[in-house]
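All residue numbers for the sequence shown refer to full-length UniProt numbering, where the first residue is 1 and numbers rise by one.
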Amino acid sequence: MLLDGVQPVRDTFHNLIVGTMKGSRLQDAFYFRDQMREMGLQPDVNLYNFLISTCGKCKNSDAAILLLEEMKAHGVKLKGETYICLLNALAATGRTDQVYAIVRDMTAAGLGLNKFCYAGLITAFKNKTPASEDTPAKILEFVQQSKGWQYVERVANDSAENIMMNVSEEELYNLPTAEFAHRRGFIFKQLTIYHVAIHACADLGSKETLEALLDMFTKENFNYDAFIVMQA
1 MLLDGVQPVR DTFHNLIVGT MKGSRLQDAF YFRDQMREMG LQPDVNLYNF LISTCGKCKN
61 SDAAILLLEE MKAHGVKLKG ETYICLLNAL AATGRTDQVY AIVRDMTAAG LGLNKFCYAG
121 LITAFKNKTP ASEDTPAKIL EFVQQSKGWQ YVERVANDSA ENIMMNVSEE ELYNLPTAEF
181 AHRRGFIFKQ LTIYHVAIHA CADLGSKETL EALLDMFTKE NFNYDAFIVM QA
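In structure tokens, the structure reads:
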């Protein structure tokens, strides 16, 4: 484009950075952000969300924190989606202390926790090192706490650009179901918290916790989707 004298616009950079996010190429994502600035375009909140998500995919929580500080320094206002991206990016490296700090920030901003927040909390404890003895109990606790939210399915204004960019919430928040999100009928989206919890149990090899989760699942009269069958 540049060699042909075509000046990239904001949407061009958004598409490029979404591409790096899907490919887990953090260095390339930061390169495009820097190029954007050199052309006088300030990254907006949606672009920062994609950058933070890329940090999570690359398990680089320090970079996610630096992006948060950068947003504040440039006066970019965080929205609900940004907090959830941060929470899940920090969860990828098991930073439970920082994940709880994001939860406190959300509460202070008047935002409630949704199923993606509880998914991030489960992931944070799953990835915590050294492993915590109370992780199985925490997984069950977060599943129980999430029940006030898991039935509510809505398209928020936050996700309008993501839909346009063909980015699912599962991809943006780095959920284990991300690669299946665009397969019709493969996952039931109302089961998000169970997807994450059952996947965590499989990773941890916690058979007892898995059995407890499946018992909870059955009592709620849910039907298994393909992802849960794969994990269980």
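Heads up, the beta-carbon is just placed ideally off N, CA and C, and yes, glycines get one too.
Counted within 10 angstroms of its Cβ, other Cβ atoms place residue i as buried (16 or more) or exposed
i    : result
A108 : exposed
E170 : buried
H14  : buried
Q144 : exposed
A64  : buried
T209 : buried
V152 : Because V152 carries a pLDDT of 40, less than 50, the predicted location of this residue cannot be relied on, and no value is offered for it.
P43  : buried
N162 : buried
N223 : exposed
8 Å Cβ cutoff met for residue i and residue j
i    : j    : result
A101 : C55  : no
Y83  : L67  : no
K77  : V45  : yes
K115 : T192 : yes
R95  : S61  : yes
C117 : L86  : no
F125 : S132 : yes
K57  : N174 : yes
Q231 : A202 : yes
A92  : N127 : yes
Cβ shell of residue i (< 6 Å), same chain only, five flanking positions each side left out
i    : result
M21  : F50, S53 and T54
S168 : A181
D28  : T20
H195 : T177 and F227
M165 : V18
Start-to-end residues for the alpha helix (DSSP H) that takes in residue i
i    : result
I228 : A226 to Q231
G110 : Counting along the chain, G110 falls outside any alpha helix (DSSP H), and DSSP gives it neither H nor E.
T209 : K207 to K219
T135 : T135 to Q145
L87  : G80 to A91
N15  : R10 to K22
I65  : S61 to A73
Y194 : T192 to L204
F180 : Taken as a continuous stretch (DSSP letters only), F180 belongs to no alpha helix (DSSP H), as it is neither H nor E.
S168 : Counting along the chain, S168 falls outside any alpha helix (DSSP H), and DSSP gives it neither H nor E.
F32  : L26 to E38
L41  : No alpha helix (DSSP H) holds L41; DSSP gives it neither H nor E.
When the options are compared against residue i, the one with the closest alpha-carbon
i    : options                   : result
A226 : S206, H199, D203 and G120 : H199
A137 : N127, G148 and I122       : I122
V9   : G23, Q27, E38 and S24     : E38
P176 : A119, I139 and G80        : A119
S206 : V103, D28, D134 and Q190  : D134
I228 : I187, M216 and L204       : I187
L204 : P130, K189, D215 and S146 : P130
E220 : K147, G75, Q35 and T12    : K147
L172 : Y224, G23 and V103        : G23
Residue-level contact to chain C via CB, residue i, 8 Å cutoff
i    : result
A232 : The question asks about chain C, but that chain is absent: this structure has only one protein chain.
8 Å Cβ shell around residue i - same chain, five flanking residues per side excluded
i    : result
Q98  : S61, I65 and L90
L111 : G80 and Y83
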